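Worksheet: the structure to be examined is printed underneath.
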Amino acid sequence: MRLPGITREEMTEVDRIMVEDFRIPIELMMELAGYNLANIAVNLSRNKYSNYIIIAGSGNNAGGGIVAARRLASWGLNAQVIFPKGVNELKDVPKDQFIRAKQLGIEMFNELPNNSLNFKNDSFFIDAYLGYGFTPRQDDISENVFNFLSNINILLSLDIPSGLDATTESNYSGINPIATLTLGFVKQGLLITERKNIGELYIADIGIPISIYYKILRNHWGSTYKKTSLEKLYLAFKNNPIQKVKMHKSEILDNSYWTID
Numbered sequence: 000m001r002l003p004g005i006t007r008e009e010m011t012e013v014d015r016i017m018v019e020d021f022r023i024p025i026e027l028m029m030e031l032a033g034y035n036l037a038n039i040a041v042n043l044s045r046n047k048y049s050n051y052i053i054i055a056g057s058g059n060n061a062g063g064g065i066v067a068a069r070r071l072a073s074w075g076l077n078a079q080v081i082f083p084k085g086v087n088e089l090k091d092v093p094k095d096q097f098i099r100a101k102q103l104g105i106e107m108f109n110e111l112p113n114n115s116l117n118f119k120n121d122s123f124f125i126d127a128y129l130g131y132g133f134t135p136r137q138d139d140i141s142e143n144v145f146n147f148l149s150n151i152n153i154l155l156s157l158d159i160p161s162g163l164d165a166t167t168e169s170n171y172s173g174i175n176p177i178a179t180l181t182l183g184f185v186k187q188g189l190l191i192t193e194r195k196n197i198g199e200l201y202i203a204d205i206g207i208p209i210s211i212y213y214k215i216l217r218n219h220w221g222s223t224y225k226k227t228s229l230e231k232l233y234l235a236f237k238n239n240p241i242q243k244v245k246m247h248k249s250e251i252l253d254n255s256y257w258t259i260d
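Just so you know, numbering that gives the first Met the number 0 puts 5 at position 6 of the sequence shown, and the rest follows in order with no gaps.
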């Protein structure tokens with residue numbers, strides 16, 4: 000079994016097909032993403048951490064982080080969400096998630112703290128700041144977030160570590176999470192970047208039909224990559240919506256691939 004990585008542009012088209020052609024709303028995928036994120040956060044913390052701190056941006060990745068906070072709180076765990084850009088910058092769908100989480104009494108903060116040491120030693124941090132759509136830009140707030148997260152020892156990233164290019168191996172943040180939970184399909188940037196930039200890699204099923212990947216990655220299916228490998232991934236999802244990924248990196252991009260353990 001071997002599978003290729005997916006580029007930013009290809010993943011954007013996946014999302015478009017989901018929403019426009021299949022009429023599957025972003026909100027539904029966001030709910031699945033957040034639920035899986037909460038699950039893996041609890042599993043990775045191994046009962047050592049009881050305080051979960053989510054650093055959220057303004058887009059859909061932030062929405063997944065907010066859902067995770069809500070699920071963690073519903074399981075009796077302490078969850079807090081920090082919005083370095085401020086709640087007013089949230090897009091419509093994640094803003095709805097914010098309203099739901101606020102109604103549950105989850106603590107929200109509109110400002111990034113000056114020092115991560117201000118938090119309890121039992122805090123488990125979750126990076127839900129930027130998603131696969133990240134492109135390099137001058138942004139003082141993001142630079143502060145990158146500096147803050149790069150000093151966190153116990154950090155889990157959602158979909159892709161903030162500041163990592165989804166198509167290339169470039170890392171603009173210096174963040175080194177212990178693990179990354181990518182959504183739907185492994186992004187090419189995760190496949191070819193240095194391992195320290197992503198930690199252990201996991202993939203979560205968020206309800207994207209297999210037929211979409213058949214179509215979007217049609218140029219890959221052939222002698223190198225088989226559709227049967229994709230089918231095996233979905234059979235594994237049937238048993239567990241979160242799978243651990245094993246990466247096989249090569250200096251030649253076309254020779255790099257991933258499998259599930």
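C-beta atoms are modelled at their ideal positions from N, C-alpha and C, and glycine is treated no differently. Predicted model only: the values in this text are computed from it and were never measured.
Simplified DSSP assignment, three categories, for residue i
i, result
"residue 73", "helix"
"residue 165", "coil"
"residue 146", "helix"
"residue 182", "strand"
"residue 242", "strand"
"residue 138", "coil"
"residue 213", "helix"
"residue 233", "helix"
"residue 222", "coil"
"residue 207", "coil"
"residue 170", "strand"
"residue 159", "coil"
"residue 23", "coil"
"residue 177", "coil"
"residue 151", "coil"
Residue span of the alpha helix (DSSP H) that contains residue i, given as start and end
i, result
"residue 48", "Run containing residue 48: none; DSSP gives neither H nor E here."
"residue 10", "7 to 15"
"residue 191", "187 to 191"
Opening and closing residue of the beta strand (DSSP E) in which residue i lies
i, result
"residue 199", "199 to 203"
"residue 258", "256 to 259"
Rounded distance between the beta-carbons of residue j and residue i, thought under 8 Å
i, j, result
"residue 36", "residue 157", "5 Å"
"residue 275", "residue 78", "With the chain covering 0 to 260 only, the question about residue 275 has no answer from this structure."
"residue 132", "residue 93", "That belief does not hold up - the Cβ atoms of residue 132 and residue 93 are roughly 14 Å apart, past 8 Å."
"residue 128", "residue 56", "4 Å"
"residue 172", "residue 145", "4 Å"
"residue 108", "residue 153", "Not a contact, Cβ separation roughly 19 Å."
"residue 111", "residue 151", "Their Cβ separation, rounded to whole angstroms, is 12 Å, which puts residue 111 and residue 151 out of contact at 8 Å."
"residue 182", "residue 32", "5 Å"
"residue 248", "residue 260", "Wrong, their Cβ atoms sit about 16 Å apart, outside the cutoff."
"residue 59", "residue 25", "6 Å"
Residue i at chain D interface by Cβ criterion, 8 Å
i, result
"residue 0", "Absence of chain D from the displayed structure is noted, only one protein chain being present."
Validate contact between the segment 133 to 149 and the segment 157 to 176 using beta carbons, cut 8 Å, 3 pairs: The way I'd put it, the segment 133 to 149 does touch the segment 157 to 176; three or more beta-carbon pairs between them come closer than 8 Å.
Ignoring anything shorter than 3 residues, give me the beta strand (DSSP E) runs that lie fully in the segment 90 to 131, in order along the chain. The beta strand (DSSP E) runs of length 3 or more contained entirely in the segment 90 to 131 are, from start to end of the chain, 106 to 108 and 122 to 127.
With contact counted as at least three CB pairs below 8 Å, one residue from each stretch, are the segment 88 to 107 and the segment 53 to 69 in contact? Put simply, the segment 88 to 107 touches the segment 53 to 69. At least three CB pairs are less than 8 Å apart.
Would the segment 6 to 18 count as touching the segment 215 to 227 if we require 3 or more Cβ pairs under 8 Å? Segment contact: the segment 6 to 18 against the segment 215 to 227, three or more CB-CB distances shorter than 8 Å; contact assigned.
Below 8 Å, how does it come out for the segment 235 to 242 and the segment 198 to 205: are there three or more Cβ pairs, yes or no? Verdict: yes, contact present.
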